[in-house]
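This report concerns only the one structure given below.
Number of protein chains: 2
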Amino acid sequence: MRSNTELFAYNQGEIMPLEAAFLHVSDLAIQRGYGIFDFCKVQEGIPLFLDDYLDRFFGSATMMELPAPLTEEELRSTITQLILKNNLGLSGIKMILTGGYSANGYDLAEPNLVLIQQPLSLPPQEQIDRGIKIITHEYVREIPAAKTINYTMGIRLIKRVKDQRADDVLYYKNGVVTEFPRCNFFIVRQDDTVVTPSENVLRGITRKNVLELAGRKYKTEEGAITLDDIYQAKEAFLTSTTKRVLPIVQVDDVVIGTGKPGEVTLDLLQDLVDLEQKYRLS
Amino acid sequence: MRSNTELFAYNQGEIMPLEAAFLHVSDLAIQRGYGIFDFCKVQEGIPLFLDDYLDRFFGSATMMELPAPLTEEELRSTITQLILKNNLGLSGIKMILTGGYSANGYDLAEPNLVLIQQPLSLPPQEQIDRGIKIITHEYVREIPAAKTINYTMGIRLIKRVKDQRADDVLYYKNGVVTEFPRCNFFIVRQDDTVVTPSENVLRGITRKNVLELAGRKYKTEEGAITLDDIYQAKEAFLTSTTKRVLPIVQVDDVVIGTGKPGEVTLDLLQDLVDLEQKYRLS
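Line by line, the protein sequences give chains A and B.
End of the first sequence = 282 in our numbering, gap-free, step of one.
End of the second sequence = 1282 in our numbering, gap-free, step of one.
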């Protein structure tokens, strides 16, 4: 892996060394935590499912009233330039759009766009074979449909996750689960129906792909999942850009299904890996 | 008023021109909106009630697991240096403490401390004479006791406040009001009892001072205030470092009391102005 000193970023109109990418302290991200972002995976020089990520990026920007300084076409071309310049293997591109340099530290200004590309690791095979343990926490993100930069709760929970020797934390509200700080949640019912929450969640791109793939072989549902539904489930897993499909074998103190990664879960992971490959070759 | 180009700031250990104060894009404030801040008023070179602001600053830092890079004494001395260097009249000092330069964009790093001093305006006399109109919105901040940088909701509501020709927006939850994005709320009951919400609010320093001042002349209460309590109130006002005590004469479509700034409100404003003067002379 190369060090950050050799990486390039895009910052306010220019491609520059990542180590030279700074924002002034008057930026509303620093002053008021105001901004949105998105994150896509790059494999063999190809940003996977880029259309979907750009759609969501511009959607979040609109919801937060942040006009992007680049058109979708310009952003696409900038991403291509950055990928060529960095020439990384498996990596992620983060696009951050902030509230801009605010004169009074409160009113929105002209948004600042920053693109960062950095190497990425996928979950180790050992973790997929074993499955992960998760804990739960009552919380709903403020604007669940938008990918805002507000991860205060997620970061505050890192320690609790570690202390309980868990791998992630699933949010719920009034007994209905929603999402992880950075991943979506799925269960597989005893009848092999694949279910994922529909309310108060970020519409993950991997969530969307997995729902489509699951629909080819299984019944699928988007709807409310209670904690009790999870305890009764045959399988559970999470999805995200970096984690793909990761089996969940324990939720708080409750072992899910057989306590081992489920067949449907592993099948969907393989289908997703195939879909990524197909996308790269297309 | 001098331009920003002549102002000095403190950034990561150094006093430097404000225009040169930048944070790298890997900072968790930019990556994840993670940070806390505080803000005190400076008059005639004196940071008013600084002990209280520093207490709250370090309190917020502890709640958010952000160890400050300066001790309270060092911070106090840095504030003094900045005030001497900037030599401003009425101004505000903002202390921002961020999650730091995070290697993976998620885990907390060594916090970055930034101090900015900028000129400040108090509310014009005309606004005090007339009183302000406010609207309401259902919302509770995520960690109400901590002064985090997350103002996503407040900033998103700016437009609605303007569209409704209001001056600010009061948060409530389940019919119980809490606070404004940047101010505390008070009512004066028909029997002249001065009441302010106690739950889910930031403990404002001006709120504390006004409660103390009010206690010398009136009955005071910290407790739940419903929207209906407001409609029945004799007077209403908000408090903040920059706004001091500002009369509220309309809440949504409901005129409060006589529709003019109340006697108790204006009395408490005068007491606060006197207290500030006394602090400066002490």
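Heads up, the beta-carbon is just placed ideally off N, CA and C, and yes, glycines get one too.
All values reported here derive from a predicted model rather than from experimental measurement.
With respect to B:V1251, B:L1266 sits apart: the two C-beta atoms are not nearer than 9 Å. Per the DSSP secondary-structure output, A:G215 pairs with nothing in a beta bridge. Cβ-Cβ separation between B:Y1172 and B:T1206: approximately 21 Å, too far for a contact (criterion under 8 Å).
What B:I1187 touches in chain A, judged by beta-carbon distance under 8 Å, is nothing: the nearest beta carbon there is about 26 Å away. Out of A:P119, A:R160, A:N150 and A:D107, the CA that lies nearest to the CA of B:I1158 is found in A:D107.
About 6 Å separates the CB atoms of B:M1064 and B:A1146; that is less than 8 Å, so the two are in contact. According to the DSSP assignment, B:Q1118 belongs to the beta strand (DSSP E) that extends over L1113 to P1119. Chain B places a beta carbon closer than 9 Å to that of A:G105, counting this residue as a contact. Under DSSP, A:Y171 shares a beta bridge with A:H137. Three or more pairs of CB atoms, one per stretch, sit closer than 8 Å, so the segment 122-140 of chain A contacts the segment 247-263 of chain A. Per DSSP, A:K41 is one residue of the beta strand (DSSP E) stretching across G35 to Q43. Burial check for A:S91: the Cβ neighbour count within 10 Å reaches 16 or more, so the residue is buried. If you ignore the 5 residues before and after B:E1235, its C-beta comes within less than 6 Å of the C-beta of V1188, G1257, G1262, V1264 and T1265, all in its own chain and listed in chain order. Note on A:V273: under 16 other CB atoms within 10 angstroms of its CB, so exposed under the neighbour-count rule. Linking B:G1204 to B:S1240 through their CA atoms gives a straight-line distance of about 7 Å. The Cβ neighbour count for B:D1163, taken over all protein chains shown within 10 Å, is under 16; the residue is labelled exposed. In the DSSP assignment, A:I132 is bridged to A:I248.
For A:G33 and A:I149, the gap between their C-alpha atoms comes out near 7 Å. Only residues of its own chain outside the window of five on either side were considered, and among them G35 and T98 have a CB closer than 6 Å to the CB of A:A29, listed in chain order. DSSP places B:N1087 outside both helix and strand once states are collapsed to three, so it counts as coil. Put simply, the backbone Cα of A:L246 is about 31 Å away from that of A:E72. Around the beta carbon of A:L211, a 10 Å sphere encloses 16 or more other beta carbons of the protein chains shown; the residue is thus reported as buried. Taken through DSSP and simplified to helix, strand or coil, B:K1162 comes out as helix. Between B:N1086 and B:F1185, the C-beta gap is not smaller than 9 Å, which leaves the two residues out of contact. Inclusion of B:P1047 and B:I1083 in the CB contact set at 9 Å is warranted, their separation being smaller than that value. Close partners of B:E1142 in chain A (Cβ separation under 7 Å): T152 and M153. A:K94 is positioned such that its CB atom lies closer than 9 Å to that of A:L115. For B:I1143, the CB contacts under 7 Å within the same chain, skipping 5 residues up- and downstream, are M1063 in chain order. For B:T1265, the three-state secondary structure derived from DSSP is helix. Of all alpha-carbon atoms in B:T1178, B:T1193, B:R1182 and B:G1013, the one lying nearest the alpha-carbon of B:I1225 is that of B:T1178.
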